[in-house]
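In what follows, a single structure is set out as C-alpha coordinates and then discussed.
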Amino acid sequence: TVRFVGHPGGVPRPLVGVELDEPQGSDVQTGGSWIDGLEYFQTSHPEAPVVWKQPGDVVCGDFPPLDPFAGLDSDDEGPTAEA
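Numbering of the sequence shown is given in this note's numbering, commencing with residue 24 and proceeding in unit increments.
Okay, here's the thing in C-alpha coordinates:
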(Lines of atoms letter the chains of each structure in order from A and count residues from 1; the text may use other names and numbers.)
(Lines give C-alpha, C1' and ligand atoms only; values in the text may rest on other atoms or scores of the structure.)
Protein backbone atom coordinates (compact mmCIF):
# COMPACT_ATOMS: atom_id res chain seq x y z
CA THR A 1 0.00 0.00 0.00
CA VAL A 2 1.41 3.37 -0.99
CA ARG A 3 1.50 5.48 2.18
CA PHE A 4 3.62 8.48 1.17
CA VAL A 5 4.90 10.25 -1.94
CA GLY A 6 7.22 13.21 -1.54
CA HIS A 7 10.63 14.42 -0.43
CA PRO A 8 11.32 13.05 3.06
CA GLY A 9 14.15 14.77 4.85
CA GLY A 10 14.59 17.18 1.95
CA VAL A 11 15.97 14.59 -0.47
CA PRO A 12 16.09 16.12 -3.96
CA ARG A 13 14.20 13.31 -5.70
CA PRO A 14 10.74 12.10 -4.68
CA LEU A 15 10.42 8.82 -2.82
CA VAL A 16 7.46 6.53 -2.27
CA GLY A 17 6.83 5.01 1.16
CA VAL A 18 5.23 1.59 0.64
CA GLU A 19 3.75 -0.63 3.34
CA LEU A 20 4.22 -4.27 2.33
CA ASP A 21 1.98 -7.21 3.20
CA GLU A 22 5.07 -9.24 4.10
CA PRO A 23 8.76 -8.33 4.36
CA GLN A 24 10.63 -8.67 1.06
CA GLY A 25 14.17 -7.55 0.31
CA SER A 26 17.11 -6.37 2.33
CA ASP A 27 16.01 -2.74 2.72
CA VAL A 28 12.81 -3.40 4.68
CA GLN A 29 12.19 -1.40 7.84
CA THR A 30 9.18 -0.88 10.10
CA GLY A 31 7.13 2.23 10.69
CA GLY A 32 6.66 5.38 8.64
CA SER A 33 9.75 7.26 9.76
CA TRP A 34 12.57 8.37 7.48
CA ILE A 35 16.23 8.51 8.51
CA ASP A 36 15.67 12.05 9.79
CA GLY A 37 13.49 10.58 12.55
CA LEU A 38 10.29 12.33 11.43
CA GLU A 39 7.18 10.24 10.91
CA TYR A 40 5.80 10.78 7.41
CA PHE A 41 2.92 8.31 7.61
CA GLN A 42 1.31 5.79 9.92
CA THR A 43 1.31 2.09 9.11
CA SER A 44 -1.56 -0.32 9.69
CA HIS A 45 0.33 -1.73 12.71
CA PRO A 46 3.66 -0.83 14.40
CA GLU A 47 5.61 -3.79 12.98
CA ALA A 48 4.35 -3.43 9.39
CA PRO A 49 7.16 -3.85 6.82
CA VAL A 50 7.95 -0.66 4.89
CA VAL A 51 10.26 0.24 2.00
CA TRP A 52 11.20 3.63 0.55
CA LYS A 53 11.61 3.50 -3.23
CA GLN A 54 12.00 5.80 -6.21
CA PRO A 55 8.71 6.10 -8.13
CA GLY A 56 10.04 4.11 -11.10
CA ASP A 57 10.79 1.16 -8.81
CA VAL A 58 7.23 0.86 -7.47
CA VAL A 59 4.80 -1.58 -9.05
CA CYS A 60 1.25 -1.41 -7.73
CA GLY A 61 -1.16 -4.31 -7.91
CA ASP A 62 -2.91 -7.07 -6.03
CA PHE A 63 -0.22 -9.71 -5.71
CA PRO A 64 -0.78 -13.19 -4.28
CA PRO A 65 1.25 -14.21 -1.22
CA LEU A 66 4.63 -15.75 -1.98
CA ASP A 67 4.64 -19.54 -1.95
CA PRO A 68 8.02 -20.81 -0.72
CA PHE A 69 7.25 -24.20 -2.27
CA ALA A 70 6.30 -22.91 -5.74
CA GLY A 71 8.07 -24.82 -8.47
CA LEU A 72 8.59 -27.97 -6.41
CA ASP A 73 6.95 -31.17 -7.57
CA SER A 74 5.43 -33.57 -5.09
CA ASP A 75 8.13 -36.01 -6.26
CA ASP A 76 10.94 -33.64 -5.22
CA GLU A 77 12.62 -34.76 -2.08
CA GLY A 78 13.40 -32.11 0.46
CA PRO A 79 15.79 -32.30 3.38
CA THR A 80 15.15 -35.25 5.64
CA ALA A 81 15.81 -35.55 9.33
CA GLU A 82 18.12 -38.34 10.35
CA ALA A 83 17.14 -40.36 13.40
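Quick reminder that beta carbons are idealized off the backbone N, C-alpha and C, glycines included.
For the candidate residues the options, whose alpha-carbon lies nearest to that of residue i?
| i | options | result |
| --- | --- | --- |
| Asp44 | Glu70, Pro31, Phe92 and Pro91 | Glu70 |
| Leu38 | Asp59, Val74 and Asp90 | Val74 |
| Gly32 | Thr53, Leu89, Asp59 and Arg26 | Asp59 |
| Gln47 | Gly94, Leu95, Phe86 and Asp96 | Phe86 |
| Val25 | Ala93, Asp96 and Gly84 | Gly84 |
| Phe27 | Pro91, Val51 and Gly40 | Gly40 |
| Val82 | Glu42, Thr66, Pro91 and Gly94 | Glu42 |
Between which two residues does the beta strand (DSSP E) holding residue i run?
| i | result |
| --- | --- |
| Phe92 | Counting along the chain, Phe92 falls outside any beta strand (DSSP E), and DSSP gives it neither H nor E. |
| Phe86 | That residue, Phe86, is in no beta strand (DSSP E); it is neither H nor E in DSSP. |
| Pro72 | Pro72 to Lys76 |
Suppose only complete runs of 3+ residues qualify. What are the beta strand (DSSP E) ranges in the stretch 25 to 58, listed by chain order?
Listed in chain order, the complete beta strand (DSSP E) runs (minimum 3 residues) inside the stretch 25 to 58 are 25 to 29 and 38 to 42.
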